[in-house]
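Asker: Taken in sequence, the protein lines are chains A and B. Counting in the working numbering, the final residue of the first sequence is number 205, and the numbers go up one at a time with none missing. Counting in the working numbering, the final residue of the second sequence is number 496, and the numbers go up one at a time with none missing. Note that CB positions come from ideal geometry on N, CA and C, so glycine has one too. Every value quoted in this text rests on a predicted model; they were computed, and no experiment measured them. First the structure, which I've put down as structure tokens, then a few questions once you've had a look.
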Amino acid sequence: TQLLEQSPQFLSIQEGENLTVYCNSSSVFSSLQWYRQEPGEGPVLLVTVVTGGEVKKLKRLTFQFGDARKDSSLHITAAQPGDTGLYLCAGALGAQKLVFGQGTRLTINP
Amino acid sequence: GAGVSQTPSNKVTEKGKYVELRCDPISGHTALYWYRQSLGQGPEFLIYFQGTGAADDSGLPNDRFFAVRPEGSVSTLKIQRTERGDSAVYLCASSSRGRGDTQYFGPGTRLTVL
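Here it is in structure tokens:
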């Protein structure tokens with residue numbers, strides 16, 4: 096049983112479109128992180144959200160943490176081919192252990 | 383500056399053999415983590431070191447898996463009597479102090495057990 100469920104698992108859209116990826120759990124996390132992973136590389140941290148209801152923006156990416164700190168979303172505006180990759184959400188259990196979702200593989204077609 | 387490095391990048395072994403995977407964390411980072419990533423899945427926590435000691439080894443799947451960090455820097459993940467189900471990418475990460483600090487991941491070692 097996956098502690099963190101990401102949806103969709105695969106997403107292929109055209110350049111310029113908007114998209115949202117969801118990360119849901121029945122557990123409460125002290126923080127939630129979003130990573131991006133390229134083939135042959137380790138995950139790279141994009142953002143950490145800590146407070147329920149928190150919204151963070153990183154250029155065309157908007158991250159939101161649910162009020163109850165159980166779920167999160169990643170919204171990309173005007174997607175570009177360079178956004179292609181595997182997006183992972185991870186919840187922090189206590190101060191050190193990360194629990195990852197299964198990932199969303201995003202493909203942006205030119 | 384140098385990031386987290388892992389060697390080898392690829393390891394192919396036969397069922398039943400012993401393997402060692404090495405992780406060199408970012409210099410000065412006291413916390414070190416091992417994760418395993420199976421095909422099509424997110425990373426799965428294995429073990430966390432704070433300094434030389436294993437602070438949390440709850441993710442190690444069974445007693446065939448063991449990890450050490452004798453001098454508080456380099457860590458080695460050891461797998462005995464490998465099984466085909468052990469095939470995965472083994473990721474190492476380090477952070478400055480643990481306790482919620484950002485974890486920086488290495489590129490991983492792809493282990494294939496034939």
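Relative to the C-alpha of Val139 of chain A, which residue among A:Thr202, A:Val194, A:Thr199 and A:Tyr182 is closest?
Answerer: Taking the first residue of the first sequence as 1, we reach residue 139 of chain A at position 44. Minimum Cα distance to Val139 of chain A is reached at A:Tyr182.
Asker: How about Thr434 of chain B and Glu465 of chain B: do their beta carbons lie closer than 8 angstroms?
Answerer: The sequence position of residue 434 of chain B within the second sequence is 52, counting from 1. The sequence position of residue 465 of chain B within the second sequence is 83, counting from 1. No. Outside cutoff.
Asker: Do Ser391 of chain B and Thr491 of chain B count as a contact pair if the criterion is CB distance below 8 angstroms?
Answerer: For this step, residue 491 of chain B is matched to residue 109 along the second sequence. For this step, residue 391 of chain B is matched to residue 9 along the second sequence. Going by C-beta atoms, Thr491 of chain B is nearer than 8 angstroms to Ser391 of chain B.
Asker: What whole-angstrom Cβ distance do Gln419 of chain B and Ala470 of chain B have, given they're in contact under 8 angstroms?
Answerer: By one-based count along the second sequence, residue 419 of chain B stands at place 37. By one-based count along the second sequence, residue 470 of chain B stands at place 88. Going by Cβ atoms, the distance from Gln419 of chain B to Ala470 of chain B rounds to 6 angstroms, so yes, they are a contact pair.
Asker: Would you give the residue range spanned by the beta strand (DSSP E) that Leu98 of chain A belongs to?
Answerer: Along the first sequence, read from residue 1 onward, the residue named residue 98 of chain A stands at position 3. Looking at the DSSP string, Leu98 of chain A is not in any beta strand (DSSP E), and its letter there is neither H nor E.
Asker: Less than 8 angstroms separating the beta-carbons of Val123 of chain A and Ala163 of chain A?
Answerer: Within the first sequence, residue 123 of chain A is the residue found at index 28, counting from 1. Within the first sequence, residue 163 of chain A is the residue found at index 68, counting from 1. Contact: yes.
Asker: Would you kindly check if the distance between the Cβ of Ser387 of chain B and the Cβ of Gly488 of chain B is under 8 angstroms?
Answerer: Here residue 488 of chain B refers to the residue found at position 106 when the second sequence is read from its first residue. Here residue 387 of chain B refers to the residue found at position 5 when the second sequence is read from its first residue. For Gly488 of chain B and Ser387 of chain B, yes; Cβs fall inside 8 angstroms.
Asker: State the Cα-Cα distance for the pair Gly467 of chain B and Gly180 of chain A, rounded to the nearest angstrom.
Answerer: Here residue 467 of chain B is taken as the residue at index 85 of the second sequence, counted from 1. Here residue 180 of chain A is taken as the residue at index 85 of the first sequence, counted from 1. Approximately 26 angstroms, taken between the alpha carbons.
Asker: Contact criterion: CB-CB distance below 8 angstroms. Does Ala384 of chain B meet it with respect to chain A?
Answerer: Mapped onto the second sequence, residue 384 of chain B falls at position 2. By this cut-off, Ala384 of chain B is not an interface position.
Asker: Among B:Glu396, B:Thr395 and B:Cys405, which residue has its Cα nearest to the Cα of Val450 of chain B?
Answerer: Against the second sequence, residue 450 of chain B aligns to sequence position 68. Ranking the options by Cα distance to Val450 of chain B, first place goes to B:Cys405.
Asker: So Phe487 of chain B contacts chain A; which residues on that side make the cut at Cβ distance below 9 angstroms?
Answerer: Indexing the second sequence from 1 puts residue 487 of chain B at position 105. Per Cβ cutoff of 9 angstroms: Tyr130, Gln132, Glu136, Gly137, Pro138, Val139 and Leu140.
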